[in-house]
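Listed in order, the protein sequences are those of chains Y and V. Under the working numbering, the letters of the first sequence match residues 6 to 196, in that order. Under the working numbering, the letters of the second sequence match residues 159 to 487, in that order. C-beta: ideal position from N, C-alpha, C; glycine also. For clarity, every value in this text was computed on a predicted model and none was experimentally measured. Worksheet: one structure, shown below.
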Amino acid sequence: MISLSAPFTEEKIRALRVRDAVEITGVLYTGRDAVHKYLHEGGTLPPEVNLREGIIYHCGPVVMKDLEGQWKVTAAGPTTSIREEPYQWQIIRDFGIRGVIGKGGMEGKTLKACHDYGCVYLHAVGGAAQVLAECIKKVRNVHLLEKFGAPEAIWELEVERFPVVVTMDSHGVSLHDEILLNSQRALAARL
Amino acid sequence: MSQSKRSMKSIVESHPPRAQLTPASLLSTVSHIERSTMRALPDSLLELIRRTSAEIPEDVHQAILRSLEQEKKGTIAESALKLIERNIELAKQKSQPICQDTGSILFYVDCPVGFDQIQFAETARETVTLATRKGFLRQNSVDSLTGKNDGTNVGPGAPAFHFHQHRSSEVEVRLVLKGGGCENVGAQYSLPNEALHANRDLNGCRKVILDAIIQAQGKGCGPGILGICIGGDRATGYELSKTQFLRRLEDRNPHPDLDRLEQDIVNTANELGIGPMGFGGKTTLLGAKICVANRLPASFFVSISYMCWAYRRQGLRLSDDGSIAHWLY
Chain Y
6 MISLSAPFTE EKIRALRVRD AVEITGVLYT GRDAVHKYLH EGGTLPPEVN LREGIIYHCG
66 PVVMKDLEGQ WKVTAAGPTT SIREEPYQWQ IIRDFGIRGV IGKGGMEGKT LKACHDYGCV
126 YLHAVGGAAQ VLAECIKKVR NVHLLEKFGA PEAIWELEVE RFPVVVTMDS HGVSLHDEIL
186 LNSQRALAAR L
Chain V
159 MSQSKRSMKS IVESHPPRAQ LTPASLLSTV SHIERSTMRA LPDSLLELIR RTSAEIPEDV
219 HQAILRSLEQ EKKGTIAESA LKLIERNIEL AKQKSQPICQ DTGSILFYVD CPVGFDQIQF
279 AETARETVTL ATRKGFLRQN SVDSLTGKND GTNVGPGAPA FHFHQHRSSE VEVRLVLKGG
339 GCENVGAQYS LPNEALHANR DLNGCRKVIL DAIIQAQGKG CGPGILGICI GGDRATGYEL
399 SKTQFLRRLE DRNPHPDLDR LEQDIVNTAN ELGIGPMGFG GKTTLLGAKI CVANRLPASF
459 FVSISYMCWA YRRQGLRLSD DGSIAHWLY
């Protein structure tokens with residue numbers, strides 16, 4: 006198990022390889038369909054949001070307000086990342102993010118951007134909303150909540166030992182490509 | 159036994175024969191209208207939603223535990239399944255959603271003639287909004303035109319209701335919460351499919367089903383379960399494919415050809431090396447359930463719905479006052 010703690014420097018990211026199990030401690034920014042489309046179309050981030058050397062998490066959490074009015078994340082697993090494939094490369098390039106957490110993997114444009122700009126795709130276990138929510142220690146802030154609604158807003162989350170697996174590294178290797186190819190071969194032998 | 163046989167029959171065949179309307183059944187019709195104000199119904203439905211969202215049904219849980227034993231120790235597939243198992247326990251213990259995507263809300267209601275469906279749907283919609291406020295459901299329903307999410311989970315087509323009348327006096331309510339990740343990897347094939355060399359026969363069906371598994375890898379939160387309908391039109395095909403998720407994982411298809419195909423699909427899928435979450439490994443599918451519907455001579459659809467491991471399905475039989483008589487799974 007590799008511990009990855011903020012700051013998420015290029016050096017730390019370049020050291021990661023496909024199949025590495027990683028635990029992240031630091032801040033994650035949620036961002037999914039609406040945020041990616043918005044940024045791709047030239048939308049601007051609120052000035053207090055700085056994604057540089059940050060990690061974006063494809064997630065639409067369940068968030069409740071407790072009796073003191075504090076946000077509390079009660080369920081927070083990853084959403085399917087491939088929907089952001091048209092936009093992700095550009096957001097890696099323009100906003101300088103170092104990590105993308107999601108599920109299901111992404112394709113060529115994102116893999117190339119990970120290679121070119123020093124970023125990595127980190128696969129969380131889909132559906133594991135409770136285990137992952139337990140790693141979220143604090144909601145620091147929320148942005149674009151009115152505009153996009155709770156699942157699509159940018160939630161700023163402090164996490165400790167958040168478990169992921171590297172499935173696309175910054176050296177052009179994708180576990181998803183490997184498994185797809187092998188499974189297609191295995192199927193061809195069984196038709 | 160008679161219970162499982164009965165529900166199996168209605169789910170697999172889905173079109174039970176009509177019976178004559180006798181004076182006795184007319185009388186029972188009147189009594190069902192009178193009892194349509196089931197006072198305990200809101201509480202029962204709230205508990206149904208809570209339990210469906212937070213607790214994996216026992217048949218699915220057992221299948222996940224078996225797959226955990228089979229995966230090779232020390233692999234990322236094994237650690238993914240361990241995390242899944244921990245998540246199942248934690249969700250139940252905290253009474254919180256297993257998965258944050260609490261999905262499309264699908265009600266399947268078996269009810270007697272004369273049961274007030276309008277009243278039921280109204281109560282269910284109110285309960286869904288309450289369950290959302292309580293955090294059993296995510297604010298998960300978006301206006302497709304404006305993109306607005308009003309946070310109620312109620313709107314055109316949401317939640318969805320499938321009422322099915324029967325001659326029995328019992329009311330049974332089943333609920334499926336189906337997340338978007340697995341819904342998005344559902345697929346409908348029209349045979350023949352030249353690219354896949356799939357003709358209009360069972361072998362052609364097998365080829366497109368296995369193709370759907372290849373396409374879904376990683377995205378649909380495996381290990382998954384397939385619900386499949388051979389035949390029907392584009393709408394009924396998908397609809398019937400989802401009714402297969404009401405079957406228990408360990409049941410067997412009464413039709414021998416379909417039973418063989420179900421077993422073959424699961425065994426073959428688990429030889430493809432896709433594994434939990436597409437990380438590689440032995441468990442790609444936990445089950446496959448197949449039904450058939452008649453088709454037009456011109457059409458041959460195979461409709462495949464994928465359910466993720468976070469298989470949220472529960473059901474209850476109601477007492478006369480709307481309270482929970484017993485759980486169905």
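DSSP three-state assignment for residue i, whether helix, strand or coil
i: residue 34 of chain Y; result: strand
i: residue 211 of chain V; result: helix
i: residue 242 of chain V; result: helix
i: residue 346 of chain V; result: strand
i: residue 286 of chain V; result: helix
i: residue 359 of chain V; result: coil
i: residue 366 of chain V; result: helix
i: residue 39 of chain Y; result: helix
i: residue 112 of chain Y; result: coil
i: residue 487 of chain V; result: coil
i: residue 67 of chain Y; result: strand
i: residue 187 of chain Y; result: helix
i: residue 188 of chain V; result: Any answer about residue 188 of chain V is weak, because its pLDDT of 44 lies below 50 and its placement is not dependable; what the coordinates show is given next. Residue 188 of chain V: helix per DSSP, three-state reduction.
i: residue 399 of chain V; result: helix
i: residue 149 of chain Y; result: coil
i: residue 387 of chain V; result: strand
i: residue 75 of chain Y; result: coil
i: residue 52 of chain Y; result: coil
i: residue 328 of chain V; result: coil
i: residue 352 of chain V; result: coil
i: residue 333 of chain V; result: strand
i: residue 407 of chain V; result: coil
i: residue 267 of chain Y; result: Look at the range of chain Y in this structure, 6 to 196, and you will see that residue 267 of chain Y is not part of it.
Nearest-angstrom Cβ-Cβ length linking residue i and residue j, presumed shorter than 8 Å
i: residue 328 of chain V; j: residue 209 of chain V; result: So it is not a contact: roughly 20 Å between Cβ atoms.
i: residue 445 of chain V; j: residue 460 of chain V; result: With a Cβ gap of about 17 Å, residue 445 of chain V and residue 460 of chain V do not count as contacting.
i: residue 111 of chain Y; j: residue 90 of chain Y; result: 5 Å
i: residue 82 of chain Y; j: residue 258 of chain V; result: 5 Å
i: residue 374 of chain V; j: residue 362 of chain V; result: That belief does not hold up - the Cβ atoms of residue 374 of chain V and residue 362 of chain V are roughly 19 Å apart, past 8 Å.
i: residue 169 of chain Y; j: residue 7 of chain Y; result: 10 Å between Cβ atoms; not a contact.
i: residue 296 of chain V; j: residue 67 of chain Y; result: 5 Å
i: residue 349 of chain V; j: residue 218 of chain V; result: The pair is not a contact, with the Cβ atoms about 30 Å apart (cut-off 8 Å).
Min CB distance residue i to chain V below 8 Å
i: residue 181 of chain Y; result: yes
i: residue 197 of chain Y; result: Residue 197 of chain Y lies beyond the residue range present for chain Y, which begins at 6 and ends at 196; the question has no answer from this structure.
i: residue 20 of chain Y; result: no
i: residue 104 of chain Y; result: no
i: residue 189 of chain Y; result: yes
i: residue 41 of chain Y; result: no
i: residue 24 of chain Y; result: yes
i: residue 185 of chain Y; result: yes
i: residue 113 of chain Y; result: no
i: residue 178 of chain Y; result: no
i: residue 75 of chain Y; result: no
Test: residue i CB closer than 8 Å to a CB of chain Y
i: residue 146 of chain V; result: There is no way to answer for residue 146 of chain V, as the model of chain V reaches only from 159 to 487.
i: residue 403 of chain V; result: no
i: residue 317 of chain V; result: no
i: residue 357 of chain V; result: no
i: residue 353 of chain V; result: no
i: residue 426 of chain V; result: yes
i: residue 217 of chain V; result: no
i: residue 467 of chain V; result: yes
i: residue 479 of chain V; result: no
i: residue 256 of chain V; result: yes
i: residue 379 of chain V; result: yes
i: residue 252 of chain V; result: yes
i: residue 237 of chain V; result: yes
Own chain, CB closer than 6 Å to residue i, minus 5 neighbours either side, in chain order
i: residue 261 of chain V; result: 335, 336, 337
i: residue 416 of chain V; result: 448
i: residue 463 of chain V; result: 344, 385, 399, 400
i: residue 22 of chain Y; result: 174
i: residue 320 of chain V; result: 266
i: residue 132 of chain Y; result: 82
i: residue 300 of chain V; result: 307
Sequence-distant residues of its chain with Cβ nearer than 7 Å to residue i (five each side left out)
i: residue 123 of chain Y; result: 15, 18, 19, 103, 175
i: residue 235 of chain V; result: 229, 433, 434, 437, 438, 439
i: residue 426 of chain V; result: 368
i: residue 138 of chain Y; result: 78, 79, 80, 81
Same chain only: Cβ atoms within 8 Å of residue i, ignoring 5 sequence neighbours per side
i: residue 34 of chain Y; result: 54, 56, 59, 60, 61, 62, 159, 160, 161, 162
i: residue 346 of chain V; result: 392, 395, 396, 459, 460, 461, 462
What are the start and end residues of each continuous alpha helix (DSSP H) run of 4 or more residues lying completely inside the segment 414-462 of chain V, in chain order?
Segments of the alpha helix (DSSP H) lying fully in the segment 414-462 of chain V: 414-427.
Ranges of the alpha helix (DSSP H) found wholly within the segment 83-108 of chain Y, counting only runs of at least 4
Listed in chain order, the complete alpha helix (DSSP H) runs (minimum 4 residues) inside the segment 83-108 of chain Y are 90-100.
If you scan the segment 119-143 of chain Y from start to end, which runs of the alpha helix (DSSP H) of 4 or more residues do you find wholly inside it?
Given a length threshold of 4 residues, each whole run of the alpha helix (DSSP H) inside the segment 119-143 of chain Y is given here in chain order: 134-139.
Would you list, in sequence order, the uninterrupted beta strand (DSSP E) runs of no fewer than 3 residues that lie entirely inside the segment 247-300 of chain V?
For secondary structure counted as the beta strand (DSSP E) over 3 or more consecutive residues, the segment 247-300 of chain V holds these complete runs in sequence order: 262-270.
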